[in-house]
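Residue numbers (our numbering), protein chains in the order written: chain A, 3 to 105; chain B, 410 to 579. Positions of the beta carbon are idealized from the N, C-alpha and C atoms, including for glycine. Data first, discussion second: the structure below is written as structure tokens.
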Amino acid sequence: MEITAIYYLIPSLIMFCCGVYGFITRKNMIAMLISLELMLNAVDVNFVVFNRFLFPGQMEGMFFTLFAIAIAAAETALAIAIIINIFRATKNVDVRGLNEMKF
Amino acid sequence: MESVGSIITYVIVVLAMILFSVLAVTTRKILRAATYLLFTLFAAAAIYFMLDYEFLGAVQIAVYAGGIVVLFVFSILLTSKPGDNSEKLTSKSRALGLVASVAMLGVAGWALVARCANYAVRPAMEAPLMSDLGTTLMGTGDGQYLLPFEAVSVLLLACIIGGVVIARRR
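This is how it looks when you write it as structure tokens:
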């Protein structure tokens, strides 16, 4: 059995679809953020797999993934700061309860 | 031809990745979702190691598993009581999510199988050396990444200031 690129791409696709499912069905904002991380991570795996299988001597996909990880960390930190601030104002983190921008 | 050991490793890692990502979005306890996310990230790091990108796997474990998941756990404990269940999904929202994700799985999976099924087997590659990584990250020439590196450092500074300003008690 040869492990070709498709054997890595399909699992990362499944992971991405799990992220889509969670992002649509979850109502808790932190759970939505977790689904978002799943999607980001699936895309990172895709970058690395294409880099490894199609252009093995170069490092473009790897560096895209490095920068994507850094940006994901920054984005998560800010989003959690916003969520905690919202929790302080309204005492919940449920997206259905948030229909005003200014409290 | 792959060795039997690498095939077994591959199967275990991929099954763990799929299983834990499904569990992360279906469990009703939010703290468990964060834990399953941690295992999914570990599986992704294992895939990076299997594809010979050791540095990337280490970064994935250090930043994602060590940093982001800890942030998640802290914010979960700050915003909800441990042991809380999220309420049951309505059948409408579950149907919507299932239709969206399964449709996407079908379309993208068909496109992948039709287009990429005969991609080459894994070509031989030396694992990139740390010195190559350093010069690529710090160089200004063709295909080198000094400018994005500096941009990311400014972004992280902005993120620190923004986090302090947003979460500060007024």
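Cutoff 8 Å: Arg54/A Cβ touching any chain B Cβ: yes
Residue environment, Gly543/B, which counts as buried when at least 16 other CB atoms sit within 10 Å: exposed
Ends of the alpha helix (DSSP H) at Gly59/A? Gly59/A -> no alpha helix (DSSP H), and no H or E assigned at all.
Between which residues of its own chain and Gly548/B is the CB-CB distance below 8 Å, once the five residues before and five after are set aside? Tyr554 and Leu555
Own chain residues within Cβ distance below 7 Å of Ile485/B, not counting five before or after: Ile439, Leu440 and Ala443
Quick check: is the beta carbon of Arg503/B nearer than 8 Å to any beta carbon in chain A? yes
Within the 8 Å Cβ cut-off, does Asn87/A reach chain B? yes
If we count the other Cβ atoms within 10 Å of its Cβ and call it buried at 16 or more, is Ser37/A buried or exposed? buried
Neighbourhood of Ala76/A by C-beta distance below 6 Å, restricted to the same chain and skipping five residues each side: none
Just the chain B side, please: which residues come within less than 8 Å of Leu40/A by C-beta, in chain order? Ser430, Ala433, Val434, Leu446 and Thr449
Quick check: what's the CA-CA separation for Leu498/B versus Phe464/B? 40 Å
Under 8 Å by beta carbon: chain B residues contacting Asn43/A: Thr449, Leu450, Ala453 and Tyr473
For my contact list, Leu42/A and Ala72/A are in at a C-beta cut-off of 8 Å; report their separation, rounded to the angstrom. Rounded, the Cβ-Cβ distance is 12 Å, inconsistent with contact.
Tell me whether the stretch 454-461 of chain B and the stretch 84-96 of chain A touch, counting them as touching only if at least three CB pairs, one residue from each stretch, are closer than 8 Å. no
Could you tell me the boundaries of the alpha helix (DSSP H) in which Asp541/B lies? Met539 to Met547
Residue burial classification, Ile82/A (beta-carbon count within 10 angstroms, cutoff 16): buried
Measure the alpha-carbon distance for Leu100/A versus Ile85/A and round it to whole angstroms. 11 Å
Is there a Cβ of chain B sitting closer than 8 Å to that of Glu4/A, yes or no? yes
Of the choices Glu39/A, Leu80/A and Cys20/A, whose alpha-carbon is the least far from that of Leu514/B? Cys20/A
Can you tell me the Cα-Cα spacing of Leu509/B and Gly24/A, whole angstroms? A small fix is needed here, since residue 509/B is Ala in this sequence, not Leu. Approximately 11 Å, taken between the alpha carbons.
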